[in-house]
Every structure is written in C-alpha cells, then in structure tokens.
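4 protein chains.
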Amino acid sequence: MIIVLKNNATPEQINHICEKVKELGLTPQVSRGVERTIIGVIGEEEKLRAKPLEAFPGVDSVVPILRPYKLASREFKPEPTVFEMGNGVKVGGKKIIVMAGPCAVEGRDMLFRIATQVKKAGADFLRGGAFKPRTSPYSFQGLGEEGLKYLREVADEVGLLVVTEIMDSRHVDLVSEYADMLQIGARNMQNFELLKEVGLCKKPVLLKRGLSSTIKELLLSAEYLLSRGNFKVMLCERGIRTFETATRNTVDINAVPVLKEETHLPVLIDPSHGTGKRSYVGPVARAAVAVGADGLMIEVHDNPEEARSDGEQSLLPSGFEQLMKELRPIAHAVGRDI
Amino acid sequence: MIIVLKNNATPEQINHICEKVKELGLTPQVSRGVERTIIGVIGEEEKLRAKPLEAFPGVDSVVPILRPYKLASREFKPEPTVFEMGNGVKVGGKKIIVMAGPCAVEGRDMLFRIATQVKKAGADFLRGGAFKPRTSPYSFQGLGEEGLKYLREVADEVGLLVVTEIMDSRHVDLVSEYADMLQIGARNMQNFELLKEVGLCKKPVLLKRGLSSTIKELLLSAEYLLSRGNFKVMLCERGIRTFETATRNTVDINAVPVLKEETHLPVLIDPSHGTGKRSYVGPVARAAVAVGADGLMIEVHDNPEEARSDGEQSLLPSGFEQLMKELRPIAHAVGRDI
Amino acid sequence: MIIVLKNNATPEQINHICEKVKELGLTPQVSRGVERTIIGVIGEEEKLRAKPLEAFPGVDSVVPILRPYKLASREFKPEPTVFEMGNGVKVGGKKIIVMAGPCAVEGRDMLFRIATQVKKAGADFLRGGAFKPRTSPYSFQGLGEEGLKYLREVADEVGLLVVTEIMDSRHVDLVSEYADMLQIGARNMQNFELLKEVGLCKKPVLLKRGLSSTIKELLLSAEYLLSRGNFKVMLCERGIRTFETATRNTVDINAVPVLKEETHLPVLIDPSHGTGKRSYVGPVARAAVAVGADGLMIEVHDNPEEARSDGEQSLLPSGFEQLMKELRPIAHAVGRDI
Amino acid sequence: MIIVLKNNATPEQINHICEKVKELGLTPQVSRGVERTIIGVIGEEEKLRAKPLEAFPGVDSVVPILRPYKLASREFKPEPTVFEMGNGVKVGGKKIIVMAGPCAVEGRDMLFRIATQVKKAGADFLRGGAFKPRTSPYSFQGLGEEGLKYLREVADEVGLLVVTEIMDSRHVDLVSEYADMLQIGARNMQNFELLKEVGLCKKPVLLKRGLSSTIKELLLSAEYLLSRGNFKVMLCERGIRTFETATRNTVDINAVPVLKEETHLPVLIDPSHGTGKRSYVGPVARAAVAVGADGLMIEVHDNPEEARSDGEQSLLPSGFEQLMKELRPIAHAVGRDI
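Pasting the structure below:
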C-alpha cells in the first residue's frame, strides 16, 4: 500500500499516519521526494484496506499494491483449475465445453427436441432458465420448479449435464437438487447473500460477469465462493454495457487473456447475450475459441418466432450444428478440442 | 410498435408478420416508403412486446412506442406522489427530506452521538447499514440484527426515522420490524426476487439506481414494487459508472428532470456515494437541491479515520451542520424548504 | 513514481530497473514487502514518464504519483485565474458569466433578434457557430466567414462579446479577427495541432471537454494551451457519453468540484448540449450555478422549429429570460452574481 | 421517419406537423393508436433529418428508420470493397493484410531493423508515426517530415507499403507524398476538416474508430470520405473506452460482424492499442482473425524499454514472428490467408 501525501502535508500529519500504521502491526517507510512525500507500508496489506486512509488529514490518495482477491489469484494457485463433472466432462481442460439450449424452459417437448439436437451437434450441457430475471415485471418469469424437472428429465434422457440460473438465496437447495451446475447471472454477480449461500454448497458454479462489473470485481465475487469452500467455479464473460447501441452488449474479448493471467479459474464466453443478435453469434463464438476461452454458452431455439424470451439472439438447431463444425478447426488451430 | 422491414423483405414475409400481429388481436398498418416498408401496430403494445419480432424473417428492427412501465409513469398518475411517514414527515412534499448517518452501524454509542448531531442539524431520517453489501468477502459485513436494534433505539430516542438497506429476500420481515423505510441498494436494483418480496410488504421503499442501470430500467424495477401494491417508493440517484475515475461514481444530475417528467415518484440524490470524496459532497448536495431533488442522503461520521467503511466520503457532524445551513437559501430560491 | 514488481521478480531485474532510473539522474528506493517489492523513484517524475517502464521485465505495474499537468494545476497557481475581456466582463470572478445564442448562425436577422433578447435578459457573450462540426456530411456545415461577420457586427451593435468555435488549425487568424473568445469543441479537445496553434495566439479560449475525455485529459489539453503561453483558458463541462440514452449526454456535475480542487482555471457548464432537451436545460442550469460553476452557455433560438441544428435543445428567448430570473437567487445563495 | 406524439397532442399540433412535412414534399401518414398517435413519413428521409422535429409542440420523440449513411452502406453497394495497393497487395480480399512496426519512428536504424524483421515474418505494411498525437504536451511528438522520409526509404528498401498517421488538414500533401495509406487516428475521427481534405485526395485511408464513437458515427465519418470521392477506405477497430481499467481500451469484437453487415468497407483490428499490454496482443489478434477481420495492425519494437511511446504494448520481432505462425492455421480455418 502506498500513501501519497498532499504537497502541503505537515510533519504532524505524517507522524499521525505512521502511528496508525504501526498500531496495525505494519511498517511505514517514508520517502520524501522533490515534490511529494509518500509512505510505503510493508506488511499484510489486508489490515490496512479496512482503514479509510483517504479520510486522514494530509493524504492525497492511496494506492493499493496487491490484488484484493487471494484464492482466485494465479499467485495463490499457479496451475489452471480443472474440475470434473459427473459424466466425464472436464471443465477447464483441453476440450472446450459447450452449453446450449433455449433461453427459457417453455415446456417439456420443446426442451426435448432442442436438447436432442444440441447433443447431436456436440454440446456438453443443456442450458435453460427455470427462474428468469426479467427487466419488466410483465415479462414471462419462468416455469420455476416445473422447468427444473423438465431440465433434469430431458438432460438425463439425452445424455447432457444441466446448467441453470439461481436467482434467490432461498432456492439453493431446490435448484441444486436438479442442476449439475448453478448459474449466477449478471444481475446477481454482486448479490452477496446469494454468493454466500452458493459458496456453502458443493455444486459447480458458473459465475457471470455483471453488466458493468470490472474484472477485479468479478474475481472478488468469485472470492466469495472460494472463501466459503466452493472452488468449482467457472467465470463467464457475457458482454458489458458500453455506449454502443448497435449490439445488446459489448463482448469484452480482452477479458479472456486478462483473466488467464490473473486467475486459475476457467473462463467461458456467452456470445448470445454478448451480442444479442443471431447473425453475430457465430463470428463471436469463433473469436471466443481463438482467444482461448474454455467454454461457450449458446442459445438455441427451434422456433425463435415463438420463443418467450431472447428469440432474436437464438440460433436454430441447424445453425448451431453448422457453427460447431466451423469451430472445430479453429479449436485445433489453438491446440484445443471442442 | 413500429416494425421496420429490411429493404429486401418479400411480400410473403410481410404477410407472415401481419398474420401474427392479427392473431394477437392487434391491427397492422403497412406503409410502403420509397426505401423501406414499415408496419405500424395499433392496439395494446404489451401483447407484442412478448414476441421476439426481431427474430422474424424480413425484420430489420423493432421500435417500441410506449414506455414499458405503466404504474410508475406520469401518464398513469400525473400528480406527484407524496406519502407520509409516521411522525409527520412527508416524502415528496415541499420540504426536501434529509437522511444522514454513518455508512455502517458500528456500535450503539457512535450511532447515538452521530444521530443526535444530525437531528440537531435538521435531518429527518437516520441512515446506517446493518447488512452491508461489500465487494470483497474480507470487508466488514455489518452487525446484522444487532445493528437494526441500535438503529431503532437510537432513532426513537433522538426523534428520527430509520432507513436501512435490505439485501436478501429472507430478511424482509426482520428489517421491516425495525426500519421505517427499506433501502434497496444499487447492486440489488435488479434482484427481482427481492423486489417481489418488498413489493408485497407495506413499508416505504428507497430504491437506488444500479451502477449502470438506465432510467428506464430503474422505473421498471419500481414497477415491480408498484405492481405488487407498494406505491410508497422513492427513487435514488447515487451516481452511475462511467469511464471517469476522478470520482467514485458520476452523479447523473440530468436524471432528476428526466424522472420528474417520466414519473410521479419522488427522487432523492446521494452525493456521498455519487462522488466518493468528502470535499465534493457539499457542492453536489447544493446542485441536488437546485435541480429539484426531493431528498438527500448524506453519510456522516464523527471519526472518519476509524470508520469501517466509506470514511473518505463521510462528512464530520460539523461539516454536515454547515452544509445544511448552506442548503437552506438554495432550497428557498427554488421554492422549497429543507 | 512507484514501480510495483511482480512477485517473482529476480534481483537481476530489480538491479536493471534501478540502473535505468539512476541513468536518468533519479534515485530509486527499493522496499521489500512481505508479498511484493516496490521501487519508489525520487526526483523529477517527468523524466521517467517518457520511459515505458511497464515494458521492463519483472514489472507488474507503474503508479505515477504526480499529476501529469503542471501549469494548469492548483499547486502551480493556488489562486483562481480571473481574466478580463475587453468590455469589463471578467471571466472567473464573482459574477457568473452567461453565453447565449443560437447553435448555428443562420443569418443576420435571426442573429440580431436573438442577440437583442439575450442581451436584455442578462447575457454577456453571444454564442453561435459559423463553422459547425456535424456528424453527418449531409448536415448544414455553417456559414463560414459570413457567419463570423454577422456575429461581430451584431455583437457590437447589441453590446455583447463573441464566442465561436474554431475547428481547424488553418482558421486561427480568421476566427481570431472576429471573435473575442475561441471555442475548441468537444470533438477537437484532442486535436493537438489545433491546440498548438491556438496556444500561440493571445485570444481567450473556451476549451470543451471531449465526449469521453477524463478530467485529467481535459487538463492536459489545457496544458497544451498554457505551455504555449496562452493562460486565458476557461474549461467547459458539456456532458459526457455514458450508457444512458434518455439524454443526449450526461452532465458530469462532479467535474466542477473536482476541477475547482485540481486547477485554477474557471469552469463553465453547457446544459444545452449536456442534456439535449429544452425542458431539462433549466433545472441543470440551476444545478450548475449551485455547484459553483463560473459560467453557463445556453442555446437560444426564436424559432426552434426552423433551426438548422439543435432546435430541440434551444430555449425560446422568453424561456431564457425566465431562467435568468430563476438563477439570480440561487447565485446569491452561493455568494455569486449572475 | 416516425414521429411519435405525446398522448395529449392536440389536433392542431398534429395538423401543424403534417403541414410542415408536406411543405418538404413528403407524405405524412397518421396512425391513431389506442394510447398514442404516430405519424409515419414517406419520402426522402434526408430532407426531414435537417428539421428539429423534436422541437415541435406535441412531439414526444422522433425515430429515424433509415441509416444516415448511404455510400458506406451495404444497401448502396452489396459486394465487399476490395482495393489494390501499388505492389499487388489487395485490401479486403481473401488475404488478411498485416501492418506492423514501431509506434513512433524514432530513427532510421531502428526502423530498418524492425522493418526487415516484420517483412520476413509476413507483414504487408510498415507502420510508424511521424506525427504523434500525445495526450501530454510534454511527450515526444514525433520526428515530422524526417520520420516520413525514413518510412518511405526503409519501406522501399525492404519491400513494404507505408501507413502513417495524418493529424492536420495542412499536412495532406506532405504525408501523401511519402505514404501509401493515410491513417486517421481515433482522436481525429471526427476532425471533420481533416476528413474533408483527405476525402479529396486519392490516397487509400485507414480510418480509426474514435475512443467513444459508435459504429454509426464511424460510418458517418467514412461517409465524409466517400462523399468526396475517396472510396479506398479501410475501417479500424482499435478499442473503445469503457469503465474497465484492466486494459487500456476494450476491443469491441462485436463491431466486426456488425460492420460486415452494415458496410462494404474492409475492417482491420488493432490489438496493440486495443489491449495496451504485450501479453494480451497475441490472443486478441487470434480472435480478430477468427471473427472475420480483413487486417491487423500490430506494434513491434526491438527494444521496448527504450521505445519513446507504447513500449509496454509492443511485441518483440521474435514475438511477432511467432504470432504470425499461430495466425496462419486460424486464417485457414476461416477460409482466409494471412
């Protein structure tokens, strides 16, 4: 931690800060520059983080040196995290995993038809929302437990894993009963009570980045999960909010190499939400494989005109099959399978 | 709803869309322009909103005409909403209400000292977090129910109302027992399960705008509350996330006149979170009064150096008292009291 | 300057960096912390800024301590800059200056009518574009020199000063001949060749903040002017680009107290471009006065329906007169005149 | 163009608007919906664009239907633009073109060394700035004409084309004399006087997207060039400004499929400025090839520690050579060469 002082900071103010630092068991080092004095603090930075140093008289700014996350960092665990799902699927391994299915579970039949086709095309997980976060209270809110049942039944029949969103701390047991992986959506990335509950359960988690969350904040939300004992966490870049309105969101493709340097956790890209338009999903999925993502999540619907949400960004099953074929040579070109 | 067609849309595609529109009991009106054909749809737009029209072949884009919120709109209720709190305080009336207190409740003594002083300076509500949303799992998470008790006791002793944050759908009864107004924080503005629960209770609500939520999304979140029967809602602009890093957030001062046109709900500004730095709080509070806000929420701490959160943006009690004095002539200049 | 090393930086890498620092005549101070080593550099930081320290092996990040601008800073000149215009108008003094007029000069008659009315209502400057920056090549591009002539004639007749935009380094002499103050628009804030030319002339300058420029970048652009000898610079906050689409731009009201702390230069707010809608201009102008701005720039047109640009955000002369009346008590409440 | 009326618009207001529309030679079509009346306008939308319709009484909002750019659109020219450079290099063809070299031309020797190596690795263009746009007036501003000479000489010797930035309308002849392609930088994307001058010359242009420019604005800036007769335009996505600070900019990977749909102009990605850090350049370059970009621009320096700008994001020549090898199989996987 570096404490930068104002150019008119008094000796008394400097002493006062040094005393506080020492009280915490840390060592202050004062460097008097030509134009500014700075105080470097040696020791566990965490102790100091809790102090509002910027509130001290004479302080201009405070610069933390260490990452605020620990368990999620590469420094804590240099090798990439790989975890096995029940049926032999490995998350974070050489094979890029693919999650596909409708935005929302609308019924058993449609789910079965779509699941059959995405399985055939090479998907590993069936996705589908039973609890839907909708901006408007008047939009379809999902089938709830009924939807969870369909997901489990269909996935078992077809031979897929289930990933589905959990929106409320009260639903952890319920969703865990049916799903293989719990998805925490973008709007809940900083729903800390939900993170705490999910951190205590043993289910693998797909943690989506918030619409305007920094990578650091995403890793701190992951830290909520890890620090409660759940290390089976996959991160998801699903597009951030920017000034650009030509697409629903802006996929932050840079986030993949940044995350690969900062954390050992696997990273997935969701080009469906990331673009919001069917014709953009394919190109961005190709980019995701090339940049080094460990997984893809893609919305597929066999009758987008009647979809109860996100029809405009869903691929047709035939389009999904075609995309999977296009992705394979790119995966091989970067030393991966899909 | 206006459906804009691609310039190469076929007559079959146009017919197909018109048929779907009619199936919903709506009337399509086709206008063939020089360069484009558009279809205007007359009737209840809500029916059409659920359809993913952009997924239809031949469609270029879809332009909604009506606001997606109803109960929150000025068209639904032209006159401003004013609601009374227990002790004669009116929210949304001529008097601008002031909420003040520490970021977090750290103990009973500090709360009492601060409450006494903000009451004396003219505050109406005591603010203070018992449940704290913290970006890092290693930061102070609040005193929980103990904090709620202190808030209630101290507020009653001093003669203030209590506003405090609720973070979880499981806590509605608990927090309602102690608080006069429930605050839904920026990170939970789209925690829809929480909105649903709070919508069902009768407590007044302070709904904070999310860090990167549009004004339209804020009003749709309010609509979750209103559509469940809770109309005692005050909206809060607390700064949005932008590219600027000189301040913690960017107060969207424009939001006040926009909200005043779009909705009947009262609007409060939080210059403490909106700026993140003590010396900026006063000027922005002055701007808030001048622009037409109905309330202010200001963090006050009597020992910011020891504050367990947000010390750098908290006013000293003396600074708060001074600010209240500065605000009065501005309030009078715009025909208000404070 | 603080150089933060990677946690696996080798002694050779550290030595190598220290050698480079010494070569520049600066003094490195190595602090070995529990988890990280950092190198503080004492001496003229400017010398080091030119070095791409992040490219050195072993370096994790580089943290500048000093502001990169000098002449624009409060540390260089603690007292506020006040400069006199020809006719007794002082920029940066107790009186808040007001610039008003049409977006573009469309003709002599309209300019005269509007100028007469804004003068009567209390404006100090006549604004109006002769060279117009237009997003589309098919939009009205301004009257050029003819527009400049009208501005000068009308302003002299009515008793106002002229502020008008300069868009090209080749036009400095031309525009200087007619205008009292040169406006550098948001899109040209980082047109460095233009800044260099304007820095060499003696005309007062109104420097508008770019749509997505940070406050630091605004001050560095001002530094281009100051470092070439032109100290008569007023800064303008005119709204930044954010994700919010309810308004044309988002006025960064926080920028005023930030700039007041960071720089001695006077600050003006442009609520017309900052909001983009007539009905929002008044409330934000009131906020601007309350927050401490030294000036306002407001678009006024007496026939907005026929305006060749920005008609939707222009006040009618009667609306402007009314606004000026509303602003006076607020100005007095904050110890200013208008 | 759709004109949406307020729900309380009067018949007189509606008539007034219809009259104005007819005066322009256009045909208004009034649709009275249950909740709103809208006016569709048939005819050349461009005529109406110049009118500030939102300033008319009774108007709630105005929705343009057509793209504001014409010559740059796919509707105007459905097939992709391909143009030949002097030496057989085709821009926009099957082969992805690569521009590489130092950020700034610092001297003839370094330029020659780097050019030799990037040529060997497969680059088509030598990049390097002779005029440098620098945020701070105290940073290295480029060698000017001397730098241009070195570029020309070295490129001819080595067998590369020259692309270099032009920053000022006065330099068109000078830079055109030396360069094969003129680069308009992000900060000048809306320097309309520069666009006009460059539009009149016959040199191919690389037009970089502004830091916070929408795709629509980028295409309108291209329209400035095309409408003056210069159709040899390549667009460049170089990262936009967002709230994320982990990278210098955020590469908008979505922009490639959007641009491919909207325009016939070829698209290049600059992962060096787009990420700002050497270790991220490779992954994002791979994504650029996979997503469908027609070109890449990459900064290469053989002594980044001594680079006078952007050393931290420059690849070493060996790193560039390695990257080119990695890109080839990805290019083949998407049906391209590089």
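Protein chains in written order, with my numbering: chain A, 696 to 1033; chain B, 696 to 1033; chain C, 696 to 1033; chain D, 696 to 1033.
Think of the CB as a built atom: it goes at the ideal place given N, C-alpha and C, for glycine as much as any other residue.
Everything numeric in this text was worked out from a predicted model, so none of it was measured.
Taking LYS955/D as the centre and dropping the five residues before and after it, the same chain places the C-beta of VAL962 and GLY987 closer than 8 Å to its C-beta, in chain order. Around the C-beta of PHE751/C, 16 or more other C-beta atoms lie within 10 Å, and the residue is accordingly described as buried. With fewer than 16 other CB atoms across the displayed protein chains lying within 10 angstroms of its CB, THR940/D is exposed. Of all C-beta pairs linking the stretch 991-1000 of chain D to the stretch 805-821 of chain D, three or more are shorter than 8 Å, placing the two stretches in contact. Put simply, the stretch 716-727 of chain B does not touch the stretch 754-770 of chain B. Fewer than three CB pairs are less than 8 Å apart.
Chain C places no beta carbon closer than 8 Å to that of THR830/A, leaving this residue out of the contacts.
For the pair of segments examined, the stretch 731-746 of chain C was found not to touch the stretch 772-782 of chain C: the number of CB pairs separated by less than 8 Å stays below three.
Listed in chain order, the positions of the stretch 708-730 of chain C with a beta carbon within less than 7 Å of a beta carbon of chain B would be empty, since no residue qualifies.
By the criterion of a C-beta distance shorter than 8 Å, GLN885/D is surrounded in its chain by GLY905, SER908, GLU912 and SER916, once the five residues flanking it on both sides are discounted. From the beta-carbon of MET696/B, no residue of chain A is found nearer than 7 Å; the closest lies around 14 Å away.
Taken in chain order, the unbroken stretches of beta strand (DSSP E) that lie wholly in the stretch 892-948 of chain A and span 3 residues or more are 900-903 and 928-932. Here ALA983/D carries a helix assignment [DSSP, helix/strand/coil]. For VAL758/D, the enclosing beta strand (DSSP E) covers residues 754-758. Contact annotation, VAL858/C with MET794/C: C-beta distance approximately 5 Å; criterion of less than 8 Å satisfied. From the beta-carbon of GLY735/C, the residues of chain A found nearer than 9 Å are ILE697, GLN724, SER726, GLY728, ILE733 and GLY735.
C-alpha of VAL953/D to C-alpha of SER871/A: approximately 39 Å in a straight line. The alpha-carbon separation between PRO978/A and ALA982/D amounts to approximately 9 Å.
Interface flag for VAL758/B against chain C is unset, since no Cβ pair is found closer than 8 Å. Contact annotation: LEU902/A and LEU930/A have beta-carbon atoms nearer than 8 Å. The stretch 818-888 of chain A contains, as complete alpha helix (DSSP H) runs of 4+ residues, the segments 840-853 and 867-873 (chain order). Burial is judged here by how many other beta carbons sit within 10 angstroms of a residue's own beta carbon; PRO1012/D has at least 16 and is buried. Taking HIS711/D as reference, the option from LEU748/D, GLU741/D and LYS742/D with the minimal CA-CA separation is LEU748/D. For THR937/D, at least one C-beta of chain B is nearer than 8 Å to its own C-beta. Taking C-beta atoms as the reference points, ASP875/A and LEU890/A fail to come closer than 8 Å. Taking 9 Å as the cut-off between beta carbons, the residues of the stretch 1001-1023 of chain C near chain D are GLU1001, ALA1002, ARG1003, SER1004, ASP1005, GLY1006, GLU1007, GLN1008 and SER1009, in sequence order. For MET992/C, no alpha helix (DSSP H) encloses it; the enclosing beta strand (DSSP E) starts and ends at 990-994.
Between ILE993/C and SER967/C, the gap from beta carbon to beta carbon is short of 8 Å. PHE778/C is bridged by DSSP to VAL786/C.
Rounded to whole angstroms, ASP1032/B and LEU914/B show a C-alpha spacing of 27 Å. The beta carbon of ASP947/D sits closer than 7 Å to those of GLU932 and ILE935, all from its chain and outside the five residues before and after it, given in chain order. With a contact defined as Cβ atoms closer than 8 Å, THR945/A and ASN949/D qualify at about 6 Å. Under the criterion of beta carbons closer than 8 Å, GLU957/C and ARG769/C qualify as touching, at roughly 6 Å. Using a Cβ-Cβ cut-off of 8 Å, ALA745/B is close to nothing in chain C; its nearest Cβ partner there is about 23 Å away. Counting along the chain, ALA795/D sits inside the beta strand (DSSP E) bounded by residues 792-796.
Under DSSP, PRO978/B takes part in no beta bridge, so it has no partner. With respect to the C-alpha of GLY720/C, the residue from ILE737/C, PHE826/C, LYS898/C and GLY839/C having the closest C-alpha is ILE737/C.
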